[in-house]
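A quick write-up on the structure given underneath.
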Amino acid sequence: MTRQRILLTLGVLFLVGTGSSGLAQSNLEDADAIVARANLAAYYAGADGRSEVRMIIADAQGRQQRRQFTVLRSDVEDGGDQKFLVSFSQPSDVRGTVFLVHKHADRDDDRWLYLPGLDLVKRISAGDKRTSFVGAHYFYEDVSGRSPSEDLHRFVEATETHYVLEHEPREDADVEFHRYVTWIDRSTFLPTKIEYHNEAGQIYRRVEVLAVEKIDGNPTVTASRVSDLLSGGQTDMQFRYIKYDLGLPAEVFTERSLRNPPRQWLQRPTD
Amino acid sequence: MTTLTEFSIRRPRAVYGIVLLSVLALGAFLGRTQIDTDPENMLPSTQIDRLFHNEVERRFSLHDAIVVGVVNERDPNGIYNPRSLAALHRLSHSILALEGVVPPDLMSLAQADNISQEGEGVLRFEWMMQEAPVTLDQAAELRAKVDRLPLLRDTLVSGDGRAAAIYVPIVSKDLSHPLSLAIRDLAAGLDSDDDFHITGLPVAEDTFGHDMFVQMGISAPLAGLMIFLLMFYFFRSVQLVTVPMLVAVATVVASMGLLTALGFSVHIMSSMIPIFLMPIAVVDSVHIMSEFADRYRPGADVRRVIRNVVEELFTPMLFTSATSALGFLSLLLTPIPPVQVFGAFVAFGILVAFLLTITLIPAYVVRMSPSSLEALAARGEVLESESLLARLLRRLGRTAVVHAKPIIGVALLLAVVSALGVARIQINDNPVRWFKENHPIRVADRVLNQHFAGTYDAFLVLTFRNDEARAEFQRAAEAALSELAPEVAALIEPRLATAPALSNEDLDAWYGDLIAVIDDALFDVEDPEDQDRLARLLALTESAQSTGRYFQRPESLRTIESLQAALATTGLVGKTNALPDIVKVVHRELRGGRAEEYRVPDTAPAVAQSLLQYQSSHRPQDLWHMVTPDFASTAIWLQLKSGDNQDMSQVLQALDRELEAQPLPAGLELAWAGKSYINVVWQQSMVQGMLKSLLGAFVAVLVIMTLLFRSWRLGLLAMVPLSLTIVGVYGAIGWIGKDYDMPIAVLSALTLGLSVDFAIHFIARTRSLLRESGSQGIALEALFEEPARAIARNAIVIAIGFTPLFFAPLVPYITVGSFMAAIMAISGLTTLLLLPALVTAAGPWLFPDLPLAQLNQEVSS
Numbered sequence: 001m002t003r004q005r006i007l008l009t010l011g012v013l014f015l016v017g018t019g020s021s022g023l024a025q026s027n028l029e030d031a032d033a034i035v036a037r038a039n040l041a042a043y044y045a046g047a048d049g050r051s052e053v054r055m056i057i058a059d060a061q062g063r064q065q066r067r068q069f070t071v072l073r074s075d076v077e078d079g080g081d082q083k084f085l086v087s088f089s090q091p092s093d094v095r096g097t098v099f100l101v102h103k104h105a106d107r108d109d110d111r112w113l114y115l116p117g118l119d120l121v122k123r124i125s126a127g128d129k130r131t132s133f134v135g136a137h138y139f140y141e142d143v144s145g146r147s148p149s150e151d152l153h154r155f156v157e158a159t160e161t162h163y164v165l166e167h168e169p170r171e172d173a174d175v176e177f178h179r180y181v182t183w184i185d186r187s188t189f190l191p192t193k194i195e196y197h198n199e200a201g202q203i204y205r206r207v208e209v210l211a212v213e214k215i216d217g218n219p220t221v222t223a224s225r226v227s228d229l230l231s232g233g234q235t236d237m238q239f240r241y242i243k244y245d246l247g248l249p250a251e252v253f254t255e256r257s258l259r260n261p262p263r264q265w266l267q268r269p270t271d
Numbered sequence: 001m002t003t004l005t006e007f008s009i010r011r012p013r014a015v016y017g018i019v020l021l022s023v024l025a026l027g028a029f030l031g032r033t034q035i036d037t038d039p040e041n042m043l044p045s046t047q048i049d050r051l052f053h054n055e056v057e058r059r060f061s062l063h064d065a066i067v068v069g070v071v072n073e074r075d076p077n078g079i080y081n082p083r084s085l086a087a088l089h090r091l092s093h094s095i096l097a098l099e100g101v102v103p104p105d106l107m108s109l110a111q112a113d114n115i116s117q118e119g120e121g122v123l124r125f126e127w128m129m130q131e132a133p134v135t136l137d138q139a140a141e142l143r144a145k146v147d148r149l150p151l152l153r154d155t156l157v158s159g160d161g162r163a164a165a166i167y168v169p170i171v172s173k174d175l176s177h178p179l180s181l182a183i184r185d186l187a188a189g190l191d192s193d194d195d196f197h198i199t200g201l202p203v204a205e206d207t208f209g210h211d212m213f214v215q216m217g218i219s220a221p222l223a224g225l226m227i228f229l230l231m232f233y234f235f236r237s238v239q240l241v242t243v244p245m246l247v248a249v250a251t252v253v254a255s256m257g258l259l260t261a262l263g264f265s266v267h268i269m270s271s272m273i274p275i276f277l278m279p280i281a282v283v284d285s286v287h288i289m290s291e292f293a294d295r296y297r298p299g300a301d302v303r304r305v306i307r308n309v310v311e312e313l314f315t316p317m318l319f320t321s322a323t324s325a326l327g328f329l330s331l332l333l334t335p336i337p338p339v340q341v342f343g344a345f346v347a348f349g350i351l352v353a354f355l356l357t358i359t360l361i362p363a364y365v366v367r368m369s370p371s372s373l374e375a376l377a378a379r380g381e382v383l384e385s386e387s388l389l390a391r392l393l394r395r396l397g398r399t400a401v402v403h404a405k406p407i408i409g410v411a412l413l414l415a416v417v418s419a420l421g422v423a424r425i426q427i428n429d430n431p432v433r434w435f436k437e438n439h440p441i442r443v444a445d446r447v448l449n450q451h452f453a454g455t456y457d458a459f460l461v462l463t464f465r466n467d468e469a470r471a472e473f474q475r476a477a478e479a480a481l482s483e484l485a486p487e488v489a490a491l492i493e494p495r496l497a498t499a500p501a502l503s504n505e506d507l508d509a510w511y512g513d514l515i516a517v518i519d520d521a522l523f524d525v526e527d528p529e530d531q532d533r534l535a536r537l538l539a540l541t542e543s544a545q546s547t548g549r550y551f552q553r554p555e556s557l558r559t560i561e562s563l564q565a566a567l568a569t570t571g572l573v574g575k576t577n578a579l580p581d582i583v584k585v586v587h588r589e590l591r592g593g594r595a596e597e598y599r600v601p602d603t604a605p606a607v608a609q610s611l612l613q614y615q616s617s618h619r620p621q622d623l624w625h626m627v628t629p630d631f632a633s634t635a636i637w638l639q640l641k642s643g644d645n646q647d648m649s650q651v652l653q654a655l656d657r658e659l660e661a662q663p664l665p666a667g668l669e670l671a672w673a674g675k676s677y678i679n680v681v682w683q684q685s686m687v688q689g690m691l692k693s694l695l696g697a698f699v700a701v702l703v704i705m706t707l708l709f710r711s712w713r714l715g716l717l718a719m720v721p722l723s724l725t726i727v728g729v730y731g732a733i734g735w736i737g738k739d740y741d742m743p744i745a746v747l748s749a750l751t752l753g754l755s756v757d758f759a760i761h762f763i764a765r766t767r768s769l770l771r772e773s774g775s776q777g778i779a780l781e782a783l784f785e786e787p788a789r790a791i792a793r794n795a796i797v798i799a800i801g802f803t804p805l806f807f808a809p810l811v812p813y814i815t816v817g818s819f820m821a822a823i824m825a826i827s828g829l830t831t832l833l834l835l836p837a838l839v840t841a842a843g844p845w846l847f848p849d850l851p852l853a854q855l856n857q858e859v860s861s
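Protein chains in written order, with this note's numbering: chain A, 1 to 271; chain B, 1 to 861.
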């Protein structure tokens, strides 16, 4: 069995786009097929890409924390393995903190962490992936991936613009949600809204796309938000200086890059 | 004055109608009664410590919490056995689903996060107990994990492993009692042999409010019934006894109705209003009825007799009512809103009772049937003057006269002994102690504080302010801006102009905004020189932001650590939890988990990066309970084993000493918050306020007494019983060692008000008898007939009438019951023993306008 990794939310998170889908709206009813298309369309745009992310984490009182980081991505195989390098530039106290992720279709991801303040490289156990991503309301799994095979998908309806799908986890104990519902754009196959329901039937968490732009021919999410509807906090993400098909070399995604970030690729493209 | 009585005698039905209508009108509001049990409301809503406490709750997103304890004393592994852990797991998850709980902030092993080593050099983040362990080995593994996390040890699981705790944050403290019952039911439904305990200050307070309401419905009516029975015993006439009861009920309903109608909530204090008003309302009525029963003879004109009785008693009753009301009005001098409300409405009730006494009773008496009147009179003749009480009182009177000097001597001695007791009074309060020893909340409190570091919390809050650095940055940034090309400066200028005026919570985010703007401009600007300047401005802003993040600096964390160490030496603080504890654990695990790496790292970036890892947990929000997102303010959590204000006060003093020896770095402000601290604040203001109001009332009563008797000598004499009573009662409290707490403080007003009554009656009657007879001996003899009986009956009725309070489950009610008895006993005895002794010994001095001197000689010879 091919363990496809689809990252619905990752699509929202990072560089997203689709080369294949045209402008015409599709017309599907098979939930698994839509999920597979969304996986490809939302996640594997170009052979590689970069983006700068500005993250504004706000608590219920509106108090903000900011993070700024650059993400480099390279696909090993479309719909399969991928590599990520995430390098923090703001706030200045965490500048130079780097995450390296080797995402695998058929086994647990490899994750590394570099903390310049402690001059320390650590491997991080895959463990539980529904932990916060650096204090944001996004989960690590929103970054590193939730396999479509972990959930059962059900087609709910096709609206004028979206497919509405419902997903239930195969293993209840591993996750905090009871089910979630996604809205997938019928023309771009980008998931534009995800709502998580808890045991009590409340929607307690929402991920939504705020802006989509076509970049290098790929419809790409340039702003998104996740809201914690119970606490009232939210995290906004803005994606800028996006570029696809840079020809990122493989050594960018090695442990060497943790201590010596590849400046050439992290700096903003000037063209 | 007596026109009211006259009207009542002539138009009794009209009086009934008016009284009934007014009482019903006010009573209608009782349905809208609002209960308020929050001791925080002992402080005005604008009180500075209270405002800060609320600010701290907001700043660190803190909620009041119910503490649930799971204790296993039998299993050798304590709660670290599969069955107990499964129950704990199940209970935590069930509690999360309860309405009114704040789920993300619930603290329990089942909700805790763990950071640990997974093999060589691999860091693992996971739930501490996502599923309950099924084997003993797994349970032991869990224990090993918990023991590595100082934040959890003695907080979530006791060091001895016998007890685990769930801290249940709630959206509103009013929900504490219903939620604690819901949790108790959940626990009862578990498959478990463990003991479950529920406590915490909010639960104690809210449960007290609930029980108090119940008691208001049980104790007050029971006391009423008791008083009724006692009076029936004395008067042997249902009719005679019914009126005072009606007066009491009407008074209570009218006062509580008005209180509700005016929009006041019933606080712990005001719930006692009925209990306070009952005896006071009964007292005057008993005087009138008693006098009436004595004077009425068959065939006499009822109207004339009652008119005479009211006329004779009007002045003393007016003054006893006025002085009692004054005693309670003096509570307005305390800066504590619920106490002020209490004082005002008891005073109001006393005046209502007075009005009712001079109207309702005459109206009632004139409508009594001839046969009832005859029965009453017949009973009066036979029983009254030959009763056991009457004989005892006559003997008492003789004793007072014969042994005047020894009695005065003994009284003086007792006063001195009592004064010594007053000096020993311990000022202390603890809402948990408002319950009896065996109350489940007291038991839970005892058991859980035996196992854990403490279930009472207080917060020591440190805030960094550096307005100078902020202003300096602004100057430097503006200077840097002026060097830039105008079109580049224009990109930055608008943002710089929006700077918060001072260093406050918005400053850090503003620096972040500015950094983003400069960062963007840096990309757009072509000129290399401007790029350099922008880069310098960026560095300047970043450095200003870092500087503002005071509690990311290692030296700041060490300041916190030294405060924690100082607090630990008091022996009263079970444990403190603070930001350094988080940083040290993460640092240790990042460094491979060795114990020697449990320390604050050396640089601010190292601290910031450690915290970034902490934020990558399941519960990143936990960080903000200890530090604000701008890292300019931090809270040290204190776990105290005792909720005694005295202990909290000692902690405050210990910290003051520490700060004197080791002052805080410049720019750092320190302040306290938390329920335990707030309780200390209102208690201090109450003790001072009570002293002020007691002294104020004392002086006012002295003035009134002097005016009433038109003699400062008699004024002083009237103060003797109440002075002795107050000194005696509070002296006894000092000697017994009972804490001077809120109920006891407030009872001083009652003492003052009630104990002056007897003296007024005594002196007024003595003087008129002296005038009539011109003989001290004859006057005193007459005094120990009806007047003494009225005083003694009152004392007995009230003292015994409140014995039902002894059976209340709430300590303040028991306290009130004991006080009533003590006040009646001391002031009654003083009035009937010491006052006649003083009159005997110093009659001519006391009554210089009466020709007693030579008569006195006659009596003694």
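We treat Cβ as the ideally placed atom computed from N, Cα and C, and that holds for glycine.
Query: Cutoff 8 angstroms: A:Leu-13 Cβ touching any chain B Cβ; Result: The pLDDT assigned to A:Leu-13 is 46, lower than 50, so where the model puts this residue is not dependable; a value taken from the coordinates is nonetheless given after this. By this cut-off, A:Leu-13 is not an interface position.
Query: Neighbour list for B:Ser-92 in chain A, Cβ cutoff strictly below 7 angstroms; Result: Chain A residues near B:Ser-92: none, gap ~14 angstroms exceeds 7 angstroms.
Query: CB contact check: B:Phe-464 to chain A, cutoff 8 angstroms; Result: no
Query: Beta-carbon proximity check, B:Tyr-456 vs B:Ser-158, cutoff 8 angstroms; Result: no
Query: Where B:Asp-647 falls, given that 16 or more other Cβ within 10 Å makes a residue buried; Result: buried
Query: Residues, ordered as in the chain, of the segment 120–131 of chain A that lie near chain B by beta-carbon distance below 7 angstroms; Result: Leu-120, Lys-122, Arg-123, Ile-124, Ser-125, Gly-127, Asp-128, Thr-131
Query: As assigned by DSSP and simplified to three states, the class of B:Leu-484; Result: coil
Query: Cβ of B:Gly-667 within 8 angstroms of any chain A Cβ; Result: no
Query: Within 8 angstroms, strictly: CB atoms of A:Gly-233 and A:Asp-48; Result: no
Query: Within-8 angstroms CB hit, B:Glu-57 to chain A; Result: no
Query: Which residues DSSP lists as bridging A:Thr-70, in chain order; Result: A:Glu-52, A:Ser-87
Query: Simplified DSSP assignment, three categories, for B:Thr-320; Result: helix
Query: Short-range partners of chain A found in the segment 605–631 of chain B, where Cβ spacing is below 9 angstroms; Result: Pro-605, Ala-606, Val-607, Ala-608, Gln-609, Ser-610, Leu-611, Leu-612, Gln-613, Tyr-614, Gln-615, Ser-616, Ser-617, His-618, Arg-619, Pro-620, Gln-621, Leu-623, Trp-624, Thr-628, Pro-629, Asp-630
Query: Three-way DSSP call (helix, strand, coil) for B:Leu-156 in this model; Result: coil
Query: B:Leu-590: contacting residues in chain A (beta-carbon distance under 8 angstroms); Result: Leu-115, Leu-118, Leu-120, Lys-122
Query: Cβ neighbour criterion (16 or more within 10 Å) applied to A:Arg-66; Result: buried
Query: Assigned exposure category for A:Arg-205 - 16 Cβ within 10 Å defines buried; Result: buried
Query: Under 8 angstroms by beta carbon: chain B residues contacting A:Gly-135; Result: Leu-612, Gln-615, Ser-616, Pro-620, Leu-623
Query: Buried or exposed by the 16-neighbour rule on C-beta atoms within 10 Å, applied to A:Gln-202; Result: exposed
Query: Continuous alpha helix (DSSP H) stretch holding B:Ile-407: start and end; Result: 404–423
Query: Beta carbon proximity, A:Arg-263 to chain B, threshold 8 angstroms; Result: no
Query: As assigned by DSSP and simplified to three states, the class of A:Asp-106; Result: coil
Query: Sheet register partners of A:Lys-243 (DSSP bridge); Result: A:Arg-50
Query: C-beta neighbour in chain A for B:Leu-123, strict 8 angstroms; Result: yes
Query: For B:Ala-673, three-class secondary structure by DSSP; Result: strand
Query: Proximity below 8 angstroms, CB of B:Leu-714 to CB of B:Val-401; Result: no
Query: is_contact[A:Ser-231, chain C] using C-beta, thresh 8 angstroms; Result: The chain labelled as chain C is not found among the protein chains of the depicted structure, namely A and B.
Query: CA nearest to the CA of B:Ala-795, picked from B:Pro-809, B:Tyr-813, B:Ala-759; Result: B:Ala-759
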